[in-house]
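Structure record follows, encoded as structure tokens.
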């Protein structure tokens with residue numbers, strides 16, 4: 001008992017001191033037991049979780065809600081009613097722009113996004129897709145409707161080319177042949193792409209730290 005759904009229900013009823021017939025009646029009435037507040041609550045008040053047998057989370061929305069700390073509850077914000085002048089707003093923009101921003105990453109990320117939005121980059125992607133015939137070069141899976149996502153990936157990472165060739169502007173990027181070299185591109189399915197060492201934005205940090213691959 002306990003290895004099947006019915007067995008787990010029986011174990012639950014025994015633990016909670018609940019009659020099995022009563023349990024089944026509550027479920028048929030559209031109710032679900034919340035393991036946090038320990039009450040029978042309408043199934044409509046539970047969020048979706050497709051990994052569970054009933055496709056619902058074990059806690060109701062009231063129990064999942066983040067509670068405000070008592071020490072801060074009702075406290076008026078120190079900024080309430082305060083307005084900044086246009087001059088102070090402009091100063092804050094300048095301070096938090098570029099290297100002054102705590103999230104600044106050397107300018108590589110924003111430039112790469114600009115490159116990827118250009119028509120020349122989009123043409124490069126199309127050419128890579130045609131070269132590899134929309135087939136992952138790692139596992140040979142083909143694009144099939146919306147079920148498989150195929151990415152056009154730089155073999156020598158785009159961020160590495162931008163760093164090595166000291167590209168600072170979008171104009172310099174559009175004149176750089178290494179970025180748009182079709183033979184430096186390959187098709188990868190999303191699963192294989194995520195397994196490459198260059199997946200995600202971490203490659204930019206590695207390059208700036210001098211850890212080039």
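Residue numbers (full-length UniProt numbering): 1 to 213.
C-beta: ideal position from N, C-alpha, C; glycine also.
One thing to note: residue 10 has its Cβ no nearer than 9 Å to the Cβ of residue 35.
Residue environment analysis places residue 198 among the buried positions, since at least 16 neighbouring C-beta atoms fall within 10 angstroms of its C-beta. For the region 152-178, not one full-length beta strand (DSSP E) segment reaches 3 residues or more.
Looking only at 89, 171 and 127, the smallest Cα-Cα distance to residue 114 is reached by 171.
Straight across, the Cα-Cα distance linking residue 177 with residue 137 is about 23 Å. When DSSP states are grouped into helix, strand and coil, residue 63 belongs to the helix group.
Residue state for residue 51 is assigned as coil, using DSSP reduced to three classes.
Pairing residue 87 with residue 77, the inter-Cα distance amounts to about 23 Å.
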